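Heads up, the sequence shown is in the working numbering, so the first residue is 1 and it goes up one at a time. Heads up, the beta-carbon is just placed ideally off N, CA and C, and yes, glycines get one too. Bear in mind that the values here come from a model prediction, so they are computed numbers and not experimental data. The structure under discussion appears below in the form of structure tokens.
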Amino acid sequence: MTDTVPVVVLNLTGEILLEWVAERGTSLSKLAKKVKERKPQRRSQSVKFTCNGELLAGSSKLADVPVTGRHVELTAIIGEMSLADVMYECNVAFMESDGLELAEEDVILEGLDSFSNILLQSVLQEHFDVKLPPGFLYEFATLRAASEHIFGILQREHPQYP
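Below, the structure is given as structure tokens:
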């Protein structure tokens, strides 16, 4: 079996949004980022995927998605990002960068060393394409507080947010 797989991402009307050859270990959150990069207005939107009518978790890998014919075919659901979406994406970003899973929104991040804090802040800045203040995770030390701050930045930069 090959380590790469062709991926076709369609919108709800069947239009092709992305064709890409990816490693089977690629996460759907990385794929969502590729979809967002194709059009600047998508940068502030939420991208979720379905396959065969089932909603897939953003932390899933392409290896978990069934191959249809010779490729993986996914449908992207693109919409405005809510606070819950930001919290979910923060959690996924934390898991991918440091293996840290934040199951509860009030989990305190104070136990992380300085390097982990800097790494997570960098991951969040890149993931959401926002500038965060130095020591961000010391000031906003819970998943909820960090997510609310990022959501506030996104609302200011993109007034169409609810």
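Return yes when the Cβ of residue j is within less than 8 angstroms of the Cβ of residue i, no when it is not.
i       : j       : result
Arg-38  : Lys-61  : no
Ala-93  : His-127 : yes
Leu-28  : Ala-76  : no
Ala-22  : Thr-50  : no
Gln-45  : Lys-33  : no
Phe-136 : Gln-121 : yes
Met-81  : Arg-144 : no
Val-8   : Glu-19  : yes
Val-47  : Leu-56  : no
Glu-73  : Leu-10  : yes
Residue range of the beta strand (DSSP E) that residue i falls in?
i      : result
Ser-46 : 45–51
Would DSSP call residue i helix, strand or coil?
i       : result
Val-67  : coil
Glu-139 : helix
Leu-83  : helix
Pro-162 : The predicted position of Pro-162 is uncertain, since its pLDDT is 48 and thus under 50; no value can be drawn from it.
Ala-57  : coil
Glu-148 : helix
Leu-62  : helix
Leu-18  : strand
Thr-13  : coil
Leu-154 : helix
What first and last residue would you give for the alpha helix (DSSP H) that runs through residue i?
i       : result
Leu-31  : 28–38
Leu-124 : 114–128
State the CB to CB distance for the pair residue i and residue j, rounded to an integer number of angstroms; the pair is presumed to be in contact (CB under 8 angstroms).
i       : j       : result
Ser-59  : Met-95  : 6 angstroms
Leu-154 : Val-123 : Going by Cβ atoms, the distance from Leu-154 to Val-123 rounds to 16 angstroms, so no, they are not a contact pair.
Ile-78  : Arg-43  : Contact flag wrong, Cβ pair sits at about 11 angstroms.
With which residues is residue i paired in a DSSP beta bridge?
i       : result
Thr-4   : Glu-23
Glu-164 : Since the first residue of the chain shown is 1 and the last is 162, residue 164 is not available in this structure.
Ile-78  : Val-47
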